[in-house]
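A quick write-up on the structure given underneath.
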Amino acid sequence: MLKLYNFLSRKIEDFKSFENSQGKPTDNVVGLYTCGPTVYDYVHIGNWRTFVFGDILRRVLEFNGFKVKYVMNITDIDDKIIAAARSRGLGFREIAAKYEKGFFQDLQKLNIKRADHYPRATENIDSMIKLILRLLDKGFAYKADDGVYFSVGKFKNYGKLSGLSKAGLKKGARINADLYDKENWSDFALWKFPSTSLRTSPHPSSNPGLEPSWEAPFGKGRPGWHIECSAMSMKYLSGEPFGSELRAELHGRTIDLHTGGVDLLFPHHENEIAQSEAATGKKFVNFWLEGEHLLVEGEKMAKSLGNIFTLSDISKKGFEPLALRYLFLTAHYRSKLNFTWKSLEAVQNALFNLRSEVASWDEPKIGCAGYENDFKEAINNDLDIPKALAIMWETVKSDYPTSARHQSVLVMDRVLGLGLEKLERAELPKGAKELIEKREELRKGGNFKESDKLRKELQKMGVYVEDTPQGPKWKVKKGEVLDKLEQ
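Following this line, the structure appears as C-alpha cells:
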C-alpha cells in the first residue's frame with residue numbers, strides 16, 4: 001500500500017482517496033493540486049525541484065492504479081508580477097505571457113507530464129470574488145481602507161499546518177504583502193484595493209504604469225495571492241465553490257493531495273486552509289506534501305549570492321535538462337538537496353551510461369518480477385525515489401537477459417521519467433563491426449598490443465567493447481545514443 005508523510009499530522013499514513021477513507025464508493029479518482037509558477041521571471045532550479053516532485057507523486061499514484069486529476073495553477077497577477085512590469089516598463093500581461101511560455105517549454109524539457117488543468121488567476125477572478133463574499137457573509141473577513149482582510153483570530157484552527165501559535169496575534173494588525181514570516185503574521189489580504197499613488201485602469205490592462213483591478217461588490221481591486229489558490233483548487237477539484245450551477249453535494253469536497261515547496265507552508269498553505277475551511281466548514285485537503293529546499297553549493301539561493309540558476313543556465317554549461325531531473329531523483333523529497341556543478345556532471349555521466357546500456361539491449365520482453373516488486377515497495381514507502389533509483393541500477397547490472405532487464409527498466413522509468421522509452425537500439429557505426437571481429441581474433445591469438453590499438457580506434461568512433469566469457473559486448477556511448485533521443 002502507498003504510504004505518504006502528511007505534513008498535517010506530521011506522520012506517515014496509508015494513502016486512500018478522501019472519499020474512500022470516509023467509506024464512500026469511489027472510482028479510484030484522486031485530486032492533486034500543486035502551487036504552480038508565479039510568472040514574473042524564468043523558473044529557477046529550486047522551483048523545478050518542487051515541480052518534478054509533483055510529477056513524481058502523480059506518476060507514483062498512477063503506478064498504483066489511481067486515476068489522477070492534476071491541477072497546477074498559473075499565478076499571472078500578484079505583487080511580484082506588478083513589480084516586474086513596472087521595473088521593465090511593460091504591462092503585467094506581457095510579463096506573464098512571456099514567462100508562462102518559458103515555463104511550458106522547460107516543463108517539456110524536464111519530461112514533466114502535463115497537468116489536466118493550468119488555470120490562470122486572471123481567468124478565475126469571479127470564483128475568487130464569490131469566495132470572498134462567502135467569507136464576508138460568515139464573518140471571517142472584513143473590509144478595511146486598503147482592501148478586504150481575513151480575520152485570523154476568528155478561525156480557531158489557524159496554525160494547524162505550520163504549528164503556529166495564535167498567542168502572538170496582535171488584535172487589529174494587518175499585513176498587505178503576499179509574503180511574510182512567522183514573526184510578522186496577522187490578518188492577511190484577500191483583496192487589494194488599488195494603491196492611491198498609482199493610476200488605475202477601469203478594466204484590467206496590459207499598459208505599463210497601470211495597476212490592474214477588477215470590479216467587485218466590495219470594491220474595485222485585485223486578489224491577494226493566497227485566495228487565488230483556494231479558489232482555483234476548489235473550482236477544479238471540488239466543484240465551483242459557491243456557484244449555483246453545480247449540485248450542492250459537490251461544493252467544498254475535500255481535495256485528496258496538495259503539494260508545494262516547504263517555503264510555501266507558511267504563510268501560503270496555512271492561509272489556504274484558513275480561507276477554504278472557514279468558507280466551506282469542511283476539511284480543505286486530506287494530505288499535504290511539502291518538498292524541501294534545493295541548496296546551491298551549500299547555500300540557500302539568493303540574488304545577492306548570484307546562485308539562482310535557470311534551466312537555460314544549465315544548458316549553457318553543457319548539461320541537458322534530464323540530467324537535472326536525474327539529480328533531483330538522488331535525494332528524498334523531504335531532504336535538502338545540495339546542487340553543485342560537479343554533482344550535475346556526475347549524474348549526467350550516469351545518465352549517459354544508462355542510456356548506452358539500454359540502447360544496446362534486446363527488445364523488451366517479460367521483466368524481472370523481483371526487482372519490479374522491490375522498486376514498487378520503495379516508491380510506496382513515502383516516495384523513496386533514491387532507493388528506487390538504486391534498484392533500477394541493480395536491475396541494469398543483473399545477470400538477467402537484456403530483454404528482461406529492458407522490460408523492467410522501462411516499467412521503472414514510468415515513475416522516474418528519464419525518457420528511456422524514447423531510446424532506439426544503438427547501431428554500430430560503419431566499419432565498427434569488422435574492427436570488433438578483427439580485435440577478437442587478435443585477442444584470442446594473444447596479440448594484446450594490437451587488439452588494444454583497435455579498442456582505442458573503436459572508442460574514437462564512440463564504441464566501447466567489453467570482453468566477456470561469452471565473447472565481446474559493445475556499447476555505443478554518449479553522443480551516438482543522444483542522437484537517437486526524440487527531443
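Per UniProt numbering, the very first residue in the sequence shown carries number 1; after that it's consecutive.
Every residue gets a Cβ at the ideal spot worked out from N, C-alpha and C, and that includes glycine.
Check: How is Pro194 classed by DSSP in three states: helix, strand or coil?; Outcome: coil
Check: If you reduce the DSSP assignment to three classes, tell me which class Lys473 lands in.; Outcome: strand
Check: According to DSSP, Phe150 sits in a beta bridge with which residue or residues?; Outcome: Ala141 and Phe188
Check: So for Leu311, helix, strand or coil by DSSP?; Outcome: helix
Check: Quick check for students: name the residue ranges of the alpha helix (DSSP H) that lie wholly in the segment 305-381, counting only runs of 4 or more.; Outcome: 311-316, 321-329, 341-359 and 369-379
Check: Confirm, please, whether the CB-CB distance from Tyr42 to Thr310 is below 9 Å.; Outcome: yes
Check: Which same chain residues end up closer than 6 Å to Phe375 when comparing Cβ atoms and leaving out the 5 residues on each side of it in sequence?; Outcome: Ala388, Ile391 and Met412
Check: Apply the 10 Å Cβ neighbour rule to Thr340 and answer buried if 16 or more other Cβ atoms are within range, or exposed otherwise.; Outcome: exposed
Check: Going by C-alpha distance, which of Lys365, Leu322, Glu441 and Val415 is nearest Ala346?; Outcome: Leu322
Check: Per DSSP, which one or two residues make a beta bridge with Arg120?; Outcome: Ile74
Check: Using beta-carbon positions only, say whether Trp225 and Thr38 come within less than 9 Å of one another.; Outcome: yes
Check: With a threshold of 8 Å, are at least 3 pairs of Cβ atoms found where one atom belongs to the segment 431-442 and the other to the segment 391-401?; Outcome: no
Check: Three or more beta-carbon pairs under 8 Å between the segment 327-338 and the segment 292-305, yes or no?; Outcome: yes
Check: Skipping 5 residues on each side, what residues in its chain have a beta carbon closer than 7 Å to that of Asp78?; Outcome: Thr38, Asp178 and Trp225
Check: Since Phe18 and Asp382 are thought to touch, with beta carbons under 8 Å apart, how far apart are those beta carbons, to the nearest angstrom?; Outcome: In fact, because the Cβ distance is near 19 Å, the residues do not count as touching under 8 Å.
Check: Within the chosen definition, does the segment 398-412 reach the segment 363-371 through at least 3 CB pairs nearer than 8 Å?; Outcome: yes
Check: According to DSSP, Phe66 sits in a beta bridge with which residue or residues?; Outcome: Looking at the DSSP assignment, Phe66 forms no beta bridge with any residue, so it has no partner.
Check: Figure out for me which residue from Asp76, His269 and Phe92 has the closest Cα to the Cα of Leu289.; Outcome: His269
Check: Report yes or no: do three or more beta-carbon pairs, one from the segment 139-157 and one from the segment 257-276, lie closer than 8 Å?; Outcome: yes
Check: Taking C-alpha atoms, which residue in Gly91, Phe92, Lys109 and Lys422 lies nearest to Phe319?; Outcome: Lys109
Check: Out of Ile379, Pro212 and Glu441, which has the shortest C-alpha to C-alpha gap to Ala96?; Outcome: Pro212
Check: Sorry if obvious, but does the Cβ on Tyr42 come closer than 8 Å to a heavy atom of the ligand MN?; Outcome: By its list of ligands, the structure shown contains no ligand whatsoever, and the ligand MN lies outside what it can speak to.
Check: Would you call the segment 66-83 and the segment 228-236 in contact, with 3 or more CB pairs under 8 Å?; Outcome: yes
Check: Going straight from the alpha carbon of Tyr99 to that of His44, what length do you get?; Outcome: 12 Å
Check: Between Leu418 and Asn73, is the Cβ-Cβ spacing less than 9 Å?; Outcome: no
Check: Do Asn64 and Leu2 have their beta-carbon atoms positioned less than 9 Å apart in this structure?; Outcome: yes
Check: Once DSSP output is grouped into helix, strand and coil, what is the label at Ile112?; Outcome: coil
Check: Could you tell me whether the Cβ atoms of Met188 and Leu133 are closer together than 9 Å?; Outcome: Note on residue identity: the sequence assigns Phe, not Met, to residue 188. Not a contact, by the Cβ cut-off of 9 Å.
Check: Let me check one thing: in DSSP terms, what residues is Phe92 bridge-paired to?; Outcome: Per DSSP, none; premise fails for Phe92.
Check: Check the DSSP bridge columns for Tyr464 and list the partner residues they point to.; Outcome: Lys475
Check: Going by the beta-carbon positions, is the gap between Asp121 and Pro267 smaller than 9 Å?; Outcome: Per the sequence presented here, residue 121 reads as Ala, with Asp not at that position. No; because the gap between Cβ atoms is not below 9 Å, this pair is not in contact.
Check: Go ahead and pull the three-state DSSP assignment for Phe287.; Outcome: strand
Check: For Val409, which residues of its own chain have a beta-carbon under 7 Å away from its beta-carbon, when the five flanking residues on both sides are left out?; Outcome: Val358, Met392, Thr395, Val396 and Leu420
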